[in-house]
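**Student:** Take this structure, written in structure tokens, and hold onto it; I'll ask about it next.
2 protein chains.
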Amino acid sequence: MSNEQALKQYDIKKYKTPDGYTSDIAVFTIVSTRMETFKPPVMDLKIMLIKRSMVDSEGRPNIEAGKWALPGGFVDPNESAFQSAQRELREETGVDHIHLEHFGVYDTPGRDPRGWIISNAHFAIVPEHQIAKREASDDASEVELFSVENVLNFDLAFDHAQIIQDAIHVIRQKLLESTVAKEFLPAEFTYSELQAVLLTVTSESAIALDAAFARKIKSLPFIQEIIGKKTTRTSKKPTQLYRFIDMEVNNSIYHAKK
Amino acid sequence: MSNEQALKQYDIKKYKTPDGYTSDIAVFTIVSTRMETFKPPVMDLKIMLIKRSMVDSEGRPNIEAGKWALPGGFVDPNESAFQSAQRELREETGVDHIHLEHFGVYDTPGRDPRGWIISNAHFAIVPEHQIAKREASDDASEVELFSVENVLNFDLAFDHAQIIQDAIHVIRQKLLESTVAKEFLPAEFTYSELQAVLLTVTSESAIALDAAFARKIKSLPFIQEIIGKKTTRTSKKPTQLYRFIDMEVNNSIYHAKK
DNA sequence: AAAATAGTGTCTATCAGACAATATAGT
DNA sequence: ACTATATTGTCTGATAGACACTATTTT
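From first to last, the protein sequence lines are chains A and B. Just so we're aligned, residue 1 is where the first sequence starts under full-length UniProt numbering, counting upward by one. Just so we're aligned, residue 1 is where the second sequence starts under full-length UniProt numbering, counting upward by one.
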């Protein structure tokens with residue numbers, strides 16, 4: 001084919017190119033604010049931010065120094081933005097093989113004072129205990145978990161206020177419209193544990209009422225009852241355990257649910 | 001603040017940067033394959049592709065020449081990828097103010113032989129009559145509508161086969177899980193017109209059966225009956241007209257539909 | 001026995017889906 | 001009158017949500 005010939009004559013400098021390509025990651029975790037024996041949990045949805053240091057690695061004053069920001073960084077030329085997000089999450093927090101999803105591109109001219117810098121935004125779901133480990137292993141003063149209720153009141157770097165707002169909207173939707181709630185839970189969980197996860201993003205009665213939700217969970221096509229297996233970690237009366245089934249959920253607004 | 005000082009010392013050349021930043025657009029339209037008087041329509045979902053010319057504007061051999069590709073192009077430094085998609089759509093087809101949505105980033109290393117080129121993929125919905133106008137106004141041999149059923153059998157440029165496959169998946173989902181079907185229809189439409197749109201992406205009985213669907217449309221919270229207004233364009237017996245209401249749809253997999 | 005959480009009984013209302021039957025207007 | 005599409009009647013079974021009540025276990 002003549003592609004090689006065309007390539008030889010192609011002038012890569014013909015177009016102005018971006019000054020940078022980055023990945024940002026909104027790391028969500030859920031913290032159990034009540035965790036006594038024989039009690040169902042009460043949970044709070046948190047987002048992890050880092051405080052930008054005053055000077056960079058070479059000792060020069062840093063951009064947006066002192067502000068809170070999403071973890072992230074520049075994409076290497078031999079990787080995709082998604083892989084970059086995975087790598088940065090691994091380097092930053094030591095966490096690997098967790099749920100990571102792209103949700104948006106931020107490329108409005110002027111969003112970064114350093115130039116034409118494009119960022120791909122991702123959200124990640126990290127179980128509580130993995131974050132705890134991380135905070136202990138690094139200088140904790142630079143990392144903090146913020147409740148999604150008030151994170152937008154802080155002083156945030158670049159356009160991260162917008163990205164974070166979008167991320168919160170996306171995770172709310174995802175929790176209710178897909179089975180990602182799974183990623184916040186152990187493989188085997190009780191109705192009240194799933195309920196606690198969902199109550200971090202909704203307060204509708206069908207979920208908030210115990211009896212209604214305990215009954216509903218049995219009829220959800222993507223959740224399976226583990227016959228004969230119970231736990232007493234949330235109550236004195238042994239509670240039925242469930243697990244998620246891998247399946248595509250049907251969200252059609254024109255169809256009834258099965 | 002000290003951002004200005006930091007900026008002065010910032011070395012924009014520190015990181016390797018992409019060789020190009022582009023937008024691609026999967027333009028969907030629906031063609032009515034049966035359109036007689038007093039007959040409900042039968043529709044086919046199509047995607048618009050262009051045939052890459054053999055030589056570029058300067059007369060040199062073109063990359064991926066002769067292959068079918070999504071319309072698109074390089075993003076200008078003073079616009080976002082989304083604005084670029086709008087602009088290119090306007091320039092290419094003369095169509096403006098239509099439904100356009102970003103759905104993915106394609107940045108796998110090696111996806112474009114010219115270098116590290118990142119593409120943002122969008123889908124657009126263009127009503128049939130606007131596409132018709134365009135085909136007449138330009139050299140028609142370079143533009144063609146392909147049925148989504150068989151477009152993947154053609155010889156496609158770059159990684160556009162992947163992008164197109166993803167776009168088809170996205171539009172299927174969107175048609176069933178959001179109210180974008182609206183964009184394919186006139187403001188006032190009959191149940192059989194909406195039905196014809198949905199039948200391009202599903203064949204489930206609840207939608208395919210006339211009586212069931214005609215009844216269901218009355219109970220959909222995001223569709224309103226236009227009381228007392230009927231048309232005879234789809235049948236001899238006058239048919240009730242409906243319109244979409246602007247509203248957020250609730251797709252929660254844990255809630256019942258209203 | 002008291003306390004707390006899990007789970008069931010039961011009622012009401014609604015809805016989906018299937019299919020048969022009827023309504024309407026042009027030809 | 002015939003025909004094609006729209007619309008309603010009706011039956012069956014399922015489901016949601018509300019709320020009262022029962023079950024189970026530890027202390």
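All residues carry an ideal CB built from backbone N, CA and C; glycine is no exception. Everything numeric in this text was worked out from a predicted model, so none of it was measured.
B:N251 CB to nearest chain A CB: under 7 Å?
**Tutor:** Residue 251 of chain B sits at position 251 when you count from the first residue of the second sequence. It does; some Cβ of chain A falls within 7 Å.
**Student:** Just reading off the beta strand (DSSP E) that A:F158 is part of, what are its end residues?
**Tutor:** If you number the first sequence from 1, residue 158 of chain A lands on position 158. Neither: A:F158 is in no beta strand (DSSP E) and is coded neither H nor E.
**Student:** Please state whether the Cβ-Cβ distance between B:P18 and A:Y106 is less than 7 Å.
**Tutor:** As a position in the second sequence, residue 18 of chain B is number 18, starting the count at 1. As a position in the first sequence, residue 106 of chain A is number 106, starting the count at 1. No, Cβ-Cβ distance for B:P18 and A:Y106 is not below 7 Å.
**Student:** Taking its Cβ as the centre, do 16 or more other Cβ atoms sit within 10 Å of B:S252, making it buried, or is it exposed?
**Tutor:** Position 252 of the second sequence, counted from the first residue, corresponds to residue 252 of chain B. Classification of B:S252: buried, given that the 10 Å Cβ count is 16 or more.
**Student:** Would you mind sorting residue 268 of chain A into buried or exposed? The rule is 16 or more other CB atoms within 10 Å of its CB.
**Tutor:** Here chain A covers residues 1 to 258 and nothing more, so residue 268 of chain A does not appear.
**Student:** I'd like the list of long-range same chain contacts for B:W116, defined as Cβ closer than 6 Å, with 5 residues on each side in sequence excluded.
**Tutor:** The residue given as residue 116 of chain B occupies position 116 in the second sequence. Excluding sequence neighbours, B:W116 sits near P18 and D19.
**Student:** Determine whether the Cβ of B:V105 lies closer than 7 Å to any Cβ atom of chain A.
**Tutor:** What you label residue 105 of chain B is simply residue 105 of the second sequence in a count that begins at 1. Yes, its Cβ sits closer than 7 Å to a Cβ of chain A.
**Student:** Buried or exposed, going by whether 16 or more other CB atoms sit within 10 Å of the CB of B:A208?
**Tutor:** Counting from 1 along the second sequence, the entry for residue 208 of chain B is found at position 208. Looking at its Cβ environment, which holds fewer than 16 other Cβ atoms inside 10 Å, B:A208 is exposed.
**Student:** Quick check on the burial criterion: 16 or more other C-beta atoms within 10 angstroms. Buried or exposed for B:N62?
**Tutor:** Residue 62 of chain B sits at position 62 when you count from the first residue of the second sequence. B:N62 should be labelled buried.
**Student:** In or out: A:S205 buried (at least 16 other Cβ within 10 Å) or exposed?
**Tutor:** Along the first sequence, read from residue 1 onward, the residue named residue 205 of chain A stands at position 205. That one is exposed.
**Student:** Note the first and the last residue of the continuous alpha helix (DSSP H) segment covering B:L241.
**Tutor:** Position 241 of the second sequence, counting from 1, holds the residue named residue 241 of chain B. From DSSP, B:L241 is part of no alpha helix (DSSP H) but of the beta strand (DSSP E) over T239 to F244.
**Student:** Could you compute how far the alpha carbon of B:I164 sits from the alpha carbon of A:Q86?
**Tutor:** Residue 164 of chain B sits at position 164 when you count from the first residue of the second sequence. Residue 86 of chain A sits at position 86 when you count from the first residue of the first sequence. Approximately 26 Å between the Cα atoms of the pair.
**Student:** Starting from the beta carbon of B:E177, find every residue of chain A whose beta carbon is closer than 7 Å, and list them in chain order.
**Tutor:** Working through the second sequence from its first residue, we reach residue 177 of chain B at position 177. Within chain A, the residues near B:E177 are N251, S252 and I253.
**Student:** Quick check on A:K218: does DSSP put it in helix, strand or coil?
**Tutor:** Locating residue 218 of chain A in the first sequence gives position 218, where the first residue counts as 1. Reduced to three states, the DSSP call for A:K218 is helix.
**Student:** What does a CB cutoff of less than 8 Å around A:A140 pick up in its chain, not counting 5 residues either side in sequence?
**Tutor:** Against the first sequence, residue 140 of chain A aligns to sequence position 140. With a pLDDT of only 39 at A:A140, under 50, the local geometry of the prediction cannot be trusted, and no value is derived from it.
**Student:** Specify the secondary structure class of residue 261 of chain B as computed by DSSP and reduced to three states.
**Tutor:** It is not possible to answer for residue 261 of chain B, since the shown part of chain B is limited to 1 through 258.
**Student:** Within 10 angstroms of its Cβ, does B:D155 collect 16 or more other Cβ (buried), or is it exposed?
**Tutor:** One-based indexing of the second sequence puts residue 155 of chain B at position 155. So B:D155 ends up on the exposed side.
**Student:** When the Cα atoms are used, what is the spatial distance from A:L145 to A:I125?
**Tutor:** On the first sequence, position 145 is the one that residue 145 of chain A refers to. On the first sequence, position 125 is the one that residue 125 of chain A refers to. Cα to Cα, A:L145 sits roughly 13 Å from A:I125.
**Student:** For the stretch 230-249 of chain A against the stretch 175-185 of chain A, do three or more pairs of beta-carbon atoms, one drawn from each stretch, fall closer than 8 Å, so that the two count as touching?
**Tutor:** Segments in contact, yes.
**Student:** Measure the beta-carbon distance from A:T234 to A:P113 and round it to whole angstroms, keeping in mind my assumption that it falls under 8 Å.
**Tutor:** Here residue 234 of chain A corresponds to residue number 234 of the first sequence, with the count starting at 1. Here residue 113 of chain A corresponds to residue number 113 of the first sequence, with the count starting at 1. A:T234 to A:P113, Cβ: 50 Å. No contact.
**Student:** With H, G and I counted as helix, E and B as strand and the rest as coil, what does DSSP make of B:K51?
**Tutor:** Numbered from 1 along the second sequence, position 51 holds the residue referred to as residue 51 of chain B. In this structure, B:K51 counts as strand in the three-state DSSP scheme.
**Student:** Check whether the Cβ of B:F234 lies closer than 7 Å to any Cβ atom in chain A.
**Tutor:** On the second sequence, residue 234 of chain B is found 234 positions in, with the first residue counted as 1. For clarity, residue 234 of chain B is Thr in the given sequence; the question names Phe instead. Judged by the 7 Å Cβ criterion, B:T234 is not in contact with chain A.
**Student:** Residues of chain A with CB closer than 9 Å to the CB of B:E193, please, in chain order.
**Tutor:** If you number the second sequence from 1, residue 193 of chain B lands on position 193. Residues of chain A passing the Cβ test: none, with the nearest at roughly 14 Å.
**Student:** How long is the line joining the alpha carbons of B:I50 and B:N120, rounded to whole angstroms?
**Tutor:** The residue labelled residue 50 of chain B in the question sits at position 50 within the second sequence. The residue labelled residue 120 of chain B in the question sits at position 120 within the second sequence. B:I50 and B:N120: Cα-Cα distance of roughly 18 Å.
**Student:** Just to make sure I have the definition right: I need the residues of chain B whose C-beta is within less than 9 Å of the C-beta of A:K46. Which are they?
**Tutor:** For the purposes of this step, residue 46 of chain A is taken as the residue at position 46 of the first sequence. Result: empty, since nearest Cβ-Cβ is about 22 Å, beyond 9 Å.
**Student:** With 7 Å as the C-beta to C-beta threshold (strictly closer), list the residues of the stretch 10-37 of chain B near chain A in chain order.
**Tutor:** Under the 7 Å Cβ criterion, the stretch 10-37 of chain B contributes Y10, I12, Y15, K16, T17, P18, D19, G20 and Y21.
**Student:** From the DSSP output, read off the bridge partner residues of A:L45.
**Tutor:** As a position in the first sequence, residue 45 of chain A is number 45, starting the count at 1. A:I30.
**Student:** Is any non-hydrogen atom of the ligand SAH found closer than 6 Å to the C-beta of A:K218, if you look at the structure I gave you?
**Tutor:** The ligand SAH is not part of the structure shown, which contains no ligands of any sort.
**Student:** Does the distance from the C-beta atom of B:K46 to that of B:A157 stay below 7 Å?
**Tutor:** Here residue 46 of chain B refers to the residue found at position 46 when the second sequence is read from its first residue. Here residue 157 of chain B refers to the residue found at position 157 when the second sequence is read from its first residue. Cβ atoms of B:K46 and B:A157: not closer than 7 Å.
**Student:** Starting from the N-terminal side, write out each stretch of the alpha helix (DSSP H) that is 4 residues or longer and does not extend beyond the stretch 173-199 of chain A.
**Tutor:** Qualifying alpha helix (DSSP H) stretches, in chain order: 191-198.
**Student:** For A:M54, count neighbouring Cβ atoms within 10 angstroms of its own Cβ and tell me buried if that reaches 16, exposed if not.
**Tutor:** Along the first sequence, read from residue 1 onward, the residue named residue 54 of chain A stands at position 54. Flag for A:M54 reads exposed.
**Student:** Would you please state the rounded distance, in angstroms, between the beta carbons of A:I223 and A:F244? I believe it to be under 8 Å.
**Tutor:** Here residue 223 of chain A refers to the residue found at position 223 of the first sequence. Here residue 244 of chain A refers to the residue found at position 244 of the first sequence. About 6 Å separates the two Cβ atoms, so the contact holds.
**Student:** So, helix, strand or coil for A:D210, using DSSP?
**Tutor:** Taking the first sequence and counting its residues from 1, the one referred to as residue 210 of chain A is at position 210. Residue state, collapsed to three classes: helix.
**Student:** Can you check whether the C-beta of A:A81 is within less than 7 Å of a C-beta belonging to chain B?
**Tutor:** The count along the first sequence starts at 1 and reaches residue 81 of chain A at position 81. It does; some Cβ of chain B falls within 7 Å.
**Student:** Please report how far the alpha carbon of B:I30 lies from the alpha carbon of B:M43, in whole angstroms.
**Tutor:** Start at 1 with the first residue of the second sequence, and residue 30 of chain B comes out as number 30. Start at 1 with the first residue of the second sequence, and residue 43 of chain B comes out as number 43. Approximately 6 Å between the Cα atoms of the pair.
**Student:** In terms of residues, what are the limits of the beta strand (DSSP E) holding A:T93?
**Tutor:** Stepping through the first sequence from its first residue, residue 93 of chain A is reached at position 93. From DSSP, A:T93 is part of no beta strand (DSSP E) but of the alpha helix (DSSP H) over A81 to T93.
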